[in-house]
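Sequential numbering from 1 applies to the sequence shown in our numbering.
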Amino acid sequence: MFGIVGCIGVTCLSTLAQAAFLDVEYQQTAAEMYSAPFLVQLAALGIVIPIAEEMMFRGVMFRRYRENRSLMYSALWSSLFFSLMHTNSIQMVYSFLLGILLAYIYEKFGSVKAPVLLHVLLNTGSVVFTELGLFDWLASGFVRIAAGAIVSAFVCSIMFVIIQKMEGAQEKKEMDDHTRPGNGNGSMDFF
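The structure is reproduced here in structure tokens:
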């Protein structure tokens with residue numbers, strides 16, 4: 001839900017800011033991406049590309065940085081490289097912010113599966129909503145686009161709070177450490 005609603009919200013915000021209409025490179029990229037048949041878009045843009053990007057930028061780059069660096073350092077650098085891979089200013093800003101969120105999701109759940117799922121849902125939502133004309137319908141009136149941005153921000157805020165309250169990988173590990181038999185202080189002494 002977070003990914004799908006986030007997709008709508010970011011598109012509404014970029015439309016409100018008129019950024020999509022001012023960036024010629026973005027318009028060219030969008031025209032090229034959405035020119036393929038729908039099933040090809042769905043497979044490539046919705047599934048294959050987000051999985052490949054997550055394996056590279058969170059599964060390899062973020063994880064390697066994280067072995068020796070802080071969460072913030074790792075998230076910032078992997079997100080910066082993720083954003084530089086995109087070719088226009090709108091996608092660069094969007095992908096940088098998305099990269100930070102995806103790094104947080106990876107850290108929270110300790111697996112690349114969570115950011116892969118979020119990224120796939122975001123991209124798939126974009127492809128489906130473009131095909132259905134939802135973005136054109138929203139953009140046809142200021143009140144619609146503003147309401148779309150506000151409702152999306154509200155729902156995404158709720159979803160983010162829910163994600164923060166979910167038990168993540170670190171909490172599970174700590175819980176497992178406390179429940180294992182050991183030396184009485186919640187940890188195992190093997191040596």
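Cβ coordinates follow ideal geometry from the N, Cα and C atoms, glycine included.
Fill in: Beta-carbon contacts of R69 that lie in its chain and below 6 Å, excluding the five residues immediately before and after
none
Discussion item. Give me the residue from I90, C156, Q91 and R58 with the minimum Cα distance to S78.
Written reply: R58
Worksheet item: Considering only C-alpha positions, which residue in the set V24, A30 and Q164 is nearest to Y104?
Response: Q164
Worksheet item: Is A36 helix, strand or coil by DSSP?
Response: coil
Discussion item. Residues in the same chain with beta-carbon distance under 6 Å from F96, minus the five sequence neighbours each way, listed in chain order, please.
Written reply: S79 and S83
Fill in: Three-state secondary structure (DSSP) of H119
helix
Worksheet entry | Any 3 or more C-beta pairs closer than 8 Å across the stretch 119-129 and the stretch 44-54 | yes
Worksheet item: Around the Cβ of A147, are there at least 16 other Cβ atoms within 10 angstroms (buried) or fewer (exposed)?
Response: exposed
Item to complete: Apply the 10 Å Cβ neighbour rule to F38 and answer buried if 16 or more other Cβ atoms are within range, or exposed otherwise.
Response: exposed
Worksheet item: Below 7 Å between beta carbons: does that hold for A114 and G9?
Response: no
Fill in: Distance, G168 Cα to M188 Cα
Note that M188 scores a pLDDT of 34, beneath 50, so its modelled location is shaky; the value from the coordinates is reported in the next line. Whole-angstrom Cα-Cα distance: 21 Å.
Worksheet item: According to the Cβ coordinates, are E107 and L71 closer than 7 Å?
Response: yes
Practice prompt. Just the C-alpha distance for A52 and F135, rounded to the nearest angstrom, thanks.
Written response: 26 Å
Worksheet item: Taking the Cβ atom as the reference point for each residue, do T15 and A139 lie within a distance shorter than 7 Å?
Response: yes
Discussion item. Just to confirm the assignment, what range does the alpha helix (DSSP H) spanning F81 have?
Written reply: L71 to L84
Discussion item. Can you list, in chain order, the residues of its chain with a C-beta nearer than 6 Å to that of V5? Leave out the 5 residues immediately preceding and following it.
Written reply: S152, V155 and C156
Worksheet item: With 16 other CB atoms within 10 Å as the buried threshold, where does V116 fall?
Response: buried
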